[in-house]
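If you read the protein sequences in the order shown, they are chains A and B. Counting in this note's numbering, the first sequence runs from 8 upward without gaps. Counting in this note's numbering, the second sequence runs from 61 upward without gaps. Every residue, glycine too, gets a C-beta built ideally from N, C-alpha and C. The structure displayed is predicted, hence computed values, not measured ones.
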Amino acid sequence: MTDWIRELAARAASFFRKMARDEEFDEEMAAHLEFAVQEHLRRGMPLDEARRHALVAIGGVSQARELHRESRGLPRLETILQDLRYAGRTLRRDAGLTAFAVLMIGLGVGASCTVFSVLNALLLRPLPFTDPDQLVWIANGTSENLSAQTTQVANLRDLQAQSASFAGIGGYSPFYGAGDILLSGSGEPERLTGVPVTESFFPLLGLKPRLGRFFSAEECRWKAPKSVVLSHGFWQRRFAGDPGVVGRQLTLDGEPASVIGVMPAEFDFAATFTPGSRADLFYPFPLTPETNRQGNTLALIGRLRAGANLATAQAEANVVGERIRNAVDLDRFRNGFRPRLSPLRDRVSGRFRYALVVLAGAVAFLMLLVCANLSNLLLARASARKKEMAIRTALGAGRGRLIGQMLIESMVLASAGAALGLGLAIGSTTLLARLPAANIPPAAIGSYRRRSPGVHSIDIGADRYRVWDGAGAAGFRHGSYRSDERVRAGIDRKRTRLDARIPGGLRDRAGRGPADGSGPIDGEPDPRPPRGSWIRHRKPAGPSCRPGQSVHLAGAKAGLFR
Amino acid sequence: MAEKKLDLMQGTLDVMVLQTLSAMGSQHGYGIARRIEQISGNQVLLNQGTIYASLVRLQQRGWIAAEWGTSDNQRKAKYYSITRRGAKQLAADVQRWERLSDVMGRVLGQNVEDAG
């Protein structure tokens, strides 16, 4: 055993002293030949014959040298090094092809890396709440249809009262309309998206307002004077970060509303809960009999008490659900409650899973194309090198040696391409993180930006759409507001086809149900019409819209959207 | 009658070299090769160049040591000598060979008797 180690060490030592060893061997060879010649001379052979005999007896000096070298150093390593040098020379000779191949690999690898890093960051990004692992998503039933996932106010109260595992439960109402609130008064009129939230929603998540405060119990009463909390993005955009905005009165839908606070920058409601939309402001959703009559309205989030786990919470919730079932039999306006609890993080990241699969497929396909291209390129070059291979074989190179050399060449190309790709990926992820519109973590990943009149750039999770709309392209401001809606309608339609789940569709704000404003119909869990009839404008259309105005989708690009 | 000379396997040449060095003391490569040829009665097909590969191997395993010296006719040459470890290895190898040849002899001899 130790002999083996000793031998390896000796071989390694010889590897680094090749020149010296070669010289020594030559000396030895020379000495050997001399001795042989001397002996033959003593026997009376003439000089040249003596020399010939000596050489024959040795069996070929170069063979001897080869054998010596093989025994001496690290032959495989030496072969590899030699092949590397040779590969370098060959690739340099064919500089054009090398550059092209390296570029191709680099771009492919770079693109894939960037896409996956970004997605990785998005998926693994921690939720911007305190103790996010304690937060659970309380769905009502297992249907993917959001209308069936929401819970009635009374059920929320019951769950809160009867379950001991929750430190608190809050929620928001997903049935808000994007752009349903008209901001008028001073400055440009603008359509805003408002999200109704319960009183405890923000405290539950552990958020602290950037300015001002969150809703008080007074403000969460039915028909209380309007108060709103602004989102950070809206505050920056509309009020340029003015710290005096708290206490101001805004005119929303013709009525005054006071601004009581501003959300912190890390919190992007849309990114977490409703990718593909945006939230400009938040207003209270009262938990009163009036809202109770609206049926299933709330998407619930609960915070587990310290020490409670999901299983016990689910069990307790099931019990509550059972009890509610009895109440349902007695009360016509009461909906059932079949709670399904899941960690909030799963809910949030789970929605990207589809996008991830699509993107992964696209990237895999891209790499496949790169590989196919590359093989073609190298194949073409290989056929041009047949002569070289023939010569080398004639000189005594074994098949293994030639294959090894080709392998090393390919590896050199691949490594160079990979290095380039890595550099590109690092560069582009840094760039993406800095682009204000890209909004890669820690800020939002889903946002809506109007980049210029008529061109809307929308990040929806990892899909990016660029949309032009007819009226907007003419720079017609008023018209473009209307078109916003239609644009979003068009997008929503497309998203429907992609089986995405967007809660913020074109619906009316909570508080305005079907025609008479009364509650659910005959035990049906949801008064709202299902997704098919989303495209419904409650407001009278302006002068520049025409129903049926077409929306052109520029196509979904998985890469940069600029 | 010129029989074909026996081909030598790699391990056997090492043993021969060790034995030669053990018997002769310090010797250079040519001397070792000639000695093996003589002792074996020229029955061994020895490509003299292979001696040097063998010598390198033995040296790397620490069974022989080498140093430069001068021969009788003032020629500089590398002289090899067996080491203590080499002597131990040689003893083990000799034992193994004797056992091997003993067994082979018995087995092969048995066949001859049966046939006869």
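Residue i and residue j closer than 8 Å at C-beta
{"i": "A/Ile188", "j": "A/Leu259", "result": "yes"}
{"i": "A/Leu431", "j": "A/Gly113", "result": "yes"}
{"i": "A/Pro250", "j": "A/Leu218", "result": "yes"}
{"i": "B/Tyr139", "j": "B/Ala126", "result": "yes"}
{"i": "A/Arg310", "j": "A/Gly175", "result": "yes"}
{"i": "A/Gln141", "j": "A/Val327", "result": "no"}
{"i": "A/Leu414", "j": "A/Thr105", "result": "no"}
{"i": "A/Thr304", "j": "A/Thr149", "result": "no"}
{"i": "A/Val335", "j": "A/Asn342", "result": "yes"}
{"i": "A/Val143", "j": "A/Leu439", "result": "no"}
{"i": "A/Ile331", "j": "A/Asn162", "result": "yes"}
{"i": "A/Asp90", "j": "A/Gln412", "result": "yes"}
{"i": "A/Gly184", "j": "A/Arg220", "result": "no"}
{"i": "A/Phe274", "j": "A/Leu214", "result": "yes"}
{"i": "A/Ala264", "j": "A/Gln256", "result": "yes"}
{"i": "A/Ala61", "j": "A/His75", "result": "no"}
{"i": "A/Met396", "j": "A/Leu409", "result": "yes"}
Residue i classed as buried or exposed, judged by whether at least 16 other C-beta atoms fall within 10 angstroms
{"i": "B/Gln87", "result": "buried"}
{"i": "A/Thr436", "result": "buried"}
{"i": "A/Ala322", "result": "exposed"}
{"i": "A/Ile12", "result": "exposed"}
{"i": "A/Val364", "result": "exposed"}
{"i": "A/Ala71", "result": "buried"}
{"i": "A/Phe222", "result": "buried"}
{"i": "A/Ala171", "result": "exposed"}
{"i": "B/Gln149", "result": "buried"}
{"i": "A/Asp138", "result": "exposed"}
{"i": "B/Gln119", "result": "buried"}
{"i": "A/Asp165", "result": "buried"}
{"i": "A/Gln301", "result": "buried"}
{"i": "A/Ala43", "result": "buried"}
Simplified DSSP assignment, three categories, for residue i
{"i": "A/Leu311", "result": "strand"}
{"i": "A/Val143", "result": "strand"}
{"i": "A/Leu74", "result": "helix"}
{"i": "A/Val355", "result": "helix"}
{"i": "A/Ala171", "result": "coil"}
{"i": "B/Gln79", "result": "helix"}
{"i": "A/Glu195", "result": "coil"}
{"i": "A/Glu262", "result": "strand"}
{"i": "A/Ala286", "result": "coil"}
{"i": "A/Ala387", "result": "helix"}
{"i": "A/Tyr179", "result": "strand"}
{"i": "B/Ser131", "result": "coil"}
{"i": "A/Gly411", "result": "helix"}
{"i": "A/Gln159", "result": "coil"}
{"i": "A/Ser207", "result": "coil"}
{"i": "B/Ser161", "result": "helix"}
{"i": "A/Arg339", "result": "coil"}
{"i": "A/Gly578", "result": "No statement about residue 578 of chain A is possible, as the shown extent of chain A runs from 8 to 569 and does not include it."}
{"i": "A/Leu381", "result": "helix"}
{"i": "A/Arg99", "result": "helix"}
{"i": "B/Lys148", "result": "helix"}
{"i": "A/Gln256", "result": "strand"}
Presumed contact (8 Å Cβ cut-off) between residue i and residue j, rounded CB distance
{"i": "A/Gly178", "j": "A/Thr200", "result": "Contact flag wrong, Cβ pair sits at about 18 Å."}
{"i": "A/Val160", "j": "A/Thr298", "result": "5 Å"}
{"i": "A/Ile308", "j": "A/Leu211", "result": "7 Å"}
{"i": "A/Glu226", "j": "A/Pro291", "result": "5 Å"}
{"i": "A/Ile65", "j": "B/Gln98", "result": "About 17 Å; that fails the 8 Å criterion."}
{"i": "A/Glu56", "j": "B/Arg121", "result": "Not confirmed; about 39 Å, so no contact."}
{"i": "A/Val204", "j": "A/Ala423", "result": "Not confirmed; about 54 Å, so no contact."}
{"i": "A/Glu416", "j": "A/Thr86", "result": "Contact flag wrong, Cβ pair sits at about 14 Å."}
{"i": "A/Val235", "j": "A/Trp242", "result": "Not confirmed; about 11 Å, so no contact."}
{"i": "A/Ala272", "j": "A/Arg285", "result": "With 8 Å as the limit, A/Ala272 and A/Arg285 do not qualify as a contact, their Cβ atoms being about 15 Å apart."}
{"i": "B/Ser114", "j": "B/Leu81", "result": "11 Å between Cβ atoms; not a contact."}
{"i": "A/Gly103", "j": "A/Ser21", "result": "At roughly 41 Å, the Cβ-Cβ gap does not stay under 8 Å, so A/Gly103 and A/Ser21 are not in contact."}
{"i": "A/Leu318", "j": "A/Phe173", "result": "In the sequence under discussion, the amino acid at residue 318 of chain A is Ala, which differs from the Leu named in the question. A/Ala318 to A/Phe173, Cβ: 14 Å. No contact."}
{"i": "B/Trp128", "j": "B/Arg145", "result": "Wrong, their Cβ atoms sit about 22 Å apart, outside the cutoff."}
{"i": "A/Ser78", "j": "B/Arg117", "result": "5 Å"}
Practice problem: Count the CB pairs spanning the region 72 to 84 of chain B and the region 31 to 38 of chain A that are closer than 8 Å, and state whether there are at least three. | Solution: Because the criterion of three Cβ pairs below 8 Å is not met, the region 72 to 84 of chain B and the region 31 to 38 of chain A do not touch.
- Message: Between the region 117 to 128 of chain A and the region 361 to 380 of chain A, can you find at least three pairs of beta-carbon atoms closer than 8 Å?
- Response: yes
Segment contact, 8 Å Cβ cut-off, at least three pairs: the region 154 to 163 of chain B with the region 82 to 99 of chain B:
no
*asked:* Any C-beta of chain D within less than 9 Å: which residues of the region 121 to 148 of chain B qualify?
replied: Considering every chain present, this structure includes no chain D. Its protein chains are A and B.
Q.
With three or more C-beta pairs closer than 8 Å as the rule, is the region 343 to 351 of chain A touching the region 133 to 143 of chain A?
A. yes
*Do the region 134 to 148 of chain B and the region 37 to 46 of chain A touch if we need at least three Cβ pairs shorter than 8 Å?*
yes
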